[in-house]
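Novice:
Number of protein chains: 2
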Amino acid sequence: MDPALINFKVLYVLTQLCGLTMIVLVATWIGQHFGGLAGTSNPGVEFNWHPLFMTIGFIYLYGNSILIYRGFRTTRKKTLKLTHAGIHMGAFILTVIALKTVFDSHNLANPPIPNMYSLHSWLGLSAVIVFSLQYVAGFVAFLAPGLRENYRIAMMPLHIYFGLFGFVLAIASALMGITEKAIFAIKTPAYSTLPPAGVLANVIGVMYVVFGALVVYLATEPSYKRKPIPEDTALLNSSSVNE
Amino acid sequence: MDPALINFKVLYVLTQLCGLTMIVLVATWIGQHFGGLAGTSNPGVEFNWHPLFMTIGFIYLYGNSILIYRGFRTTRKKTLKLTHAGIHMGAFILTVIALKTVFDSHNLANPPIPNMYSLHSWLGLSAVIVFSLQYVAGFVAFLAPGLRENYRIAMMPLHIYFGLFGFVLAIASALMGITEKAIFAIKTPAYSTLPPAGVLANVIGVMYVVFGALVVYLATEPSYKRKPIPEDTALLNSSSVNE
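Listed in order, the protein sequences are those of chains A and B.
According to the UniProt record's numbering, the first sequence holds residues 1 to 243 in order.
According to the UniProt record's numbering, the second sequence holds residues 1 to 243 in order.
(1) For A:N107 and chain B, any beta-carbon pair shorter than 8 Å?
(2) Return the residue from the list B:G124, B:K100, B:F165, B:A174 that minimises the CA-CA distance to B:T40.
(3) Count the other CB atoms, across all protein chains shown, that sit within 10 Å of the CB of B:I6; report buried if there are 16 or more and exposed otherwise.
(4) Check whether the region 49-69 of chain B and the region 88-103 of chain B are in contact - that is, three or more C-beta pairs closer than 8 Å.
(5) Measure how close the beta-carbons of B:Y208 and B:I171 come, nearest whole angstrom, since I'm counting them as under 8 Å.
(6) In angstroms with no decimal places, state the Cα-to-Cα distance between A:S126 and A:H33.
(7) Output, in chain order, the set of chain A residues within a Cβ distance shorter than 8 Å of B:P114.
(8) A:V10 lies in the alpha helix (DSSP H); which residues open and close that run?
(9) Take the Cβ of residue 248 of chain A as the centre, count every other Cβ of all protein chains shown within 10 Å, and call the residue buried at 16 or more, exposed below.
(10) Take B:F165 and list the residues in its own chain whose beta-carbon comes closer than 7 Å to its own, dropping the five residues that flank it on each side.
(11) So, does the CB of B:L14 fall closer than 8 Å to a CB anywhere in chain A?
(12) Please classify B:V10 as buried or exposed, where buried requires at least 16 neighbouring CB atoms within 10 angstroms.
(13) With distances taken between CB atoms, is the gap from A:T179 to B:S118 smaller than 8 Å?
(14) Between which residues of its own chain and A:S240 is the CB-CB distance below 8 Å, once the five residues before and five after are set aside?
(15) Which residue wins for smallest C-alpha separation from A:P230, given the options A:H50, A:R73, A:L37?
(16) At a CB-CB cut-off below 8 Å, which residues of chain B make contact with A:Y69?
(17) Could you tell me which chain B residues have their CB closer than 7 Å to the CB of residue 321 of chain A, listed as they occur along the chain?
(18) Between B:T79 and chain A, is any beta-carbon pair separated by less than 8 Å?
(19) What's the gap between the Cα of A:E46 and the Cα of A:A98?
(20) For A:A182, return the contacting residues in chain B, with the cut-off set at a CB-CB distance below 8 Å.
(21) Going along chain A, which residues have a C-beta under 7 Å from B:F165?
(22) Less than 8 Å between CB atoms is the rule here; does B:M198 satisfy it with respect to chain A?
(23) What would DSSP say about B:P157, mapped onto helix, strand or coil?
(24) If you count every other CB in all the chains shown that lies within 10 Å of the CB of A:V136, and 16 or more means buried, which is it?
(25) Could you tell me whether the region 192-205 of chain A touches the region 142-158 of chain A, using the rule of 3 or more Cβ pairs below 8 Å?
(26) Mind pulling the chain B residues with CB within less than 9 Å of A:M176?
(27) Whole angstroms is fine: what's the gap from A:P111's alpha carbon to B:P114's?
(28) What are the boundary residues of the alpha helix (DSSP H) that includes A:L147?
(29) How about A:L169: is its C-beta nearer than 8 Å to some C-beta of chain B?
(30) Are A:N176 and B:M176 closer than 8 Å when you measure CB to CB?
(31) So A:V209 contacts chain B; which residues on that side make the cut at Cβ distance below 7 Å?
(32) Buried or exposed: which applies to A:N202, given that a residue is buried once 16 or more other Cβ atoms fall within 10 Å of its Cβ?
(33) Determine, for A:Y135, whether the minimum Cβ-Cβ distance to residues of chain E falls below 8 Å.
(34) Please report whether the beta-carbon of B:Y217 lies at a distance below 8 Å from any beta-carbon of chain A.
(35) At a Cβ threshold of 8 Å, is A:N242 touching chain B?
(36) Check distances from the C-beta atoms of the region 130-161 of chain B to those of chain A and list, in chain order, the residues that come in under 9 Å.
Structure (structure tokens):
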């Protein structure tokens, strides 16, 4: 086996462990320290869906959707594209629910909390918008039929750049979000005395960074790039005949 | 001229304008809203050196040092390496001063504020450590004589990856720092009502992201990569004879 691929496999498994740990830690954080999950009748606790679903959807699924071209290198391209779009759709749905719960937790609070005032909200929403525009552009350019091959080739570097940009911006927004929640909600004892809830907040932030760094590395290292397999062309030709 | 280089020049000028605007806005923020600059006799205001020098050193100079290989593409390699190390040394000195002033502002406060409890402090210090290790490794691998060429070639992708990783982590840390300062210090009127100090905080955060996104794009886009010039080899040979 190509020695680069052995390194890749080790790092890929590490990335998954890191991502799953990150989700478990967020679930533990909100479960142990902030009252778990609730519906609209308890807006302060309903908020907790926000970090949980953003972590699962907008960080873990987003990262994994980027990585499927590397992790499943012997699967044919068309299946990978559909899976990429499918996982991203899952990420988008969880992200929209996560946005709804945070707006609920502001609007239904007594008194209501203003929306969209923090840097976290500005950059987080920017990341969602970048992600959504990327989805539409990616669908038109690479999944829908009809676009000429030279346009597809020209768009690919931009698709990769803005995909990774949105992912890194999502992580930066999550770091600001964890910071906000820790300052607002870790009061007795205070965040500044590093109680368990504060240490856990910081460890979650570190996991976000490690997961993000691994995903970007695996996605950009040239020796890990997927090489076209014979089925890609063969099936492309037969399917274009069949369509 | 290569059409890619025309795009490059436009984006390079935009990056500089964005970077300078970012510094001016941080200076305005601390000058207009938080009392300007002071020494150890006024720890609360001495703090203000921290965002100012981190923005100039750990973001603007760090980014520009990365970019000199692209911006000054007709300068010979050895001069660029020395300039790269020199600008990074300037960035490091400003960063160390910025760290000293934040520790002062905690330790000399009455009562003292605990150090190193926030996610901002954990990730910010990690970015400084990554930067410092990179500096030592880069010096040994690419400036000091003696390392064999095949080691240099093997280390270059890691040097580039960890250089960009440290830069992006510095920006993420700055975003958390702005978030902290806005929550702690924008009280009357509150940050949640988006007063001028709050809007300015958010705009500074947006500028950090735009500057970072431009630097990473300019540094990673393959068509902007510097090509070796004849002097690189000629002067390398003559200098190795002269040394």
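Cβ atoms here follow ideal geometry from the backbone N, Cα and C, with glycine treated the same way.
Note that the structure is a prediction, hence the values are computed from the model and not measured.
Specialist: So, from the listed chains and residues:
(1) Residue mapping note: residue 107 of chain A aligns to position 107 of the first sequence, counting from 1. Judged by the 8 Å Cβ criterion, A:N107 is not in contact with chain B.
(2) By 1-based counting over the second sequence, the position of residue 40 of chain B is 40. Checked all of B:G124, B:K100, B:F165, B:A174; the closest Cα to B:T40 is B:K100.
(3) Along the second sequence, read from residue 1 onward, the residue named residue 6 of chain B stands at position 6. By the 10 Å Cβ count, B:I6 comes out exposed.
(4) yes
(5) The residue you call residue 208 of chain B lines up with position 208 of the second sequence. The residue you call residue 171 of chain B lines up with position 171 of the second sequence. About 5 Å separates the two Cβ atoms, so the contact holds.
(6) Within the first sequence, the letter at position 126 stands for residue 126 of chain A. Within the first sequence, the letter at position 33 stands for residue 33 of chain A. Approximately 29 Å, taken between the alpha carbons.
(7) Here residue 114 of chain B refers to the residue found at position 114 of the second sequence. Here the neighbours are S192, T193, L194.
(8) The residue labelled residue 10 of chain A in the question sits at position 10 within the first sequence. Looking at the DSSP string, the run of the alpha helix (DSSP H) that includes A:V10 is 3-33.
(9) Given a span of 1 to 243 for chain A in the structure shown, any question on residue 248 of chain A remains unanswerable.
(10) On the second sequence, position 165 is the one that residue 165 of chain B refers to. Contacts found: V130.
(11) For this step, residue 14 of chain B is matched to residue 14 along the second sequence. Judged by the 8 Å Cβ criterion, B:L14 is not in contact with chain A.
(12) Sequence index remark: in the second sequence, residue 10 of chain B carries index 10 (1-based). When all chains shown are included, B:V10 counts as exposed.
(13) Mapped onto the first sequence, residue 179 of chain A falls at position 179. Mapped onto the second sequence, residue 118 of chain B falls at position 118. In contact: A:T179 and B:S118 (Cβ atoms closer than 8 Å).
(14) Walking along the first sequence from the start, residue 240 of chain A turns up at place 240. Only weak support is given to the placement of A:S240: the predicted model assigns it a pLDDT of 43, under 50, and the value that follows is read from those uncertain coordinates. Within the same chain, A:S240 has no close Cβ partners at all.
(15) Translated into positions along the first sequence, residue 230 of chain A becomes position 230. With distances taken between Cα atoms, A:P230 lies closest to A:R73.
(16) Indexing the first sequence from 1 puts residue 69 of chain A at position 69. Correct list: empty, because the minimum Cβ distance to chain B is about 18 Å.
(17) Given a span of 1 to 243 for chain A in the structure shown, any question on residue 321 of chain A remains unanswerable.
(18) Here the question's residue 79 of chain B lines up with position 79 in the second sequence. Judged by the 8 Å Cβ criterion, B:T79 is not in contact with chain A.
(19) Mapped onto the first sequence, residue 46 of chain A falls at position 46. Mapped onto the first sequence, residue 98 of chain A falls at position 98. In a straight line, the C-alpha of A:E46 is about 10 Å away from that of A:A98.
(20) Counting from one through the first sequence, the residue named residue 182 of chain A turns up at place 182. Result: S118, L119.
(21) To locate residue 165 of chain B, count along the second sequence from 1; it is residue 165. Correct list: A213.
(22) Mapped onto the second sequence, residue 198 of chain B falls at position 198. The sequence given here places Gly at residue 198 of chain B; Met does not occur at that position. Output row for B:G198: interface = yes.
(23) Taking the first residue of the second sequence as 1, we reach residue 157 of chain B at position 157. The answer is helix: DSSP assigns B:P157 an H, G or I state.
(24) Residue mapping note: residue 136 of chain A aligns to position 136 of the first sequence, counting from 1. Exposed is the call here.
(25) no
(26) Taking the first sequence and counting its residues from 1, the one referred to as residue 176 of chain A is at position 176. Those are A172, L175, M176, I178, T179, G205, listed as they occur along chain B.
(27) Translated into the one-based positions of the first sequence, residue 111 of chain A becomes position 111. Translated into the one-based positions of the second sequence, residue 114 of chain B becomes position 114. If I take the Cα positions, the gap works out to 32 Å.
(28) Translated into positions along the first sequence, residue 147 of chain A becomes position 147. Looking at the DSSP string, A:L147 is not in any alpha helix (DSSP H), and its letter there is neither H nor E.
(29) Here the question's residue 169 of chain A lines up with position 169 in the first sequence. Closer than 8 Å: yes.
(30) The sequence position of residue 176 of chain A within the first sequence is 176, counting from 1. The sequence position of residue 176 of chain B within the second sequence is 176, counting from 1. In the sequence under discussion, the amino acid at residue 176 of chain A is Met, which differs from the Asn named in the question. Contact flag set, yes.
(31) Position 209 of the first sequence, counted from the start, is the residue given in the question as residue 209 of chain A. Those within 7 Å of A:V209 in chain B are L123, L169.
(32) Looking up residue 202 of chain A in the first sequence gives position 202. Classification for A:N202: buried.
(33) The question asks about chain E, but that chain is absent: this structure's protein chains are A and B.
(34) In the second sequence, the residue the question calls residue 217 of chain B occupies position 217. Yes, because at least one Cβ of chain A sits closer than 8 Å to the Cβ of B:Y217.
(35) Position 242 of the first sequence holds residue 242 of chain A. With a pLDDT of only 37 at A:N242, under 50, the local geometry of the prediction cannot be trusted, and the value read off the model is given with reservation. Chain B contact via Cβ: absent.
(36) P157, Y161
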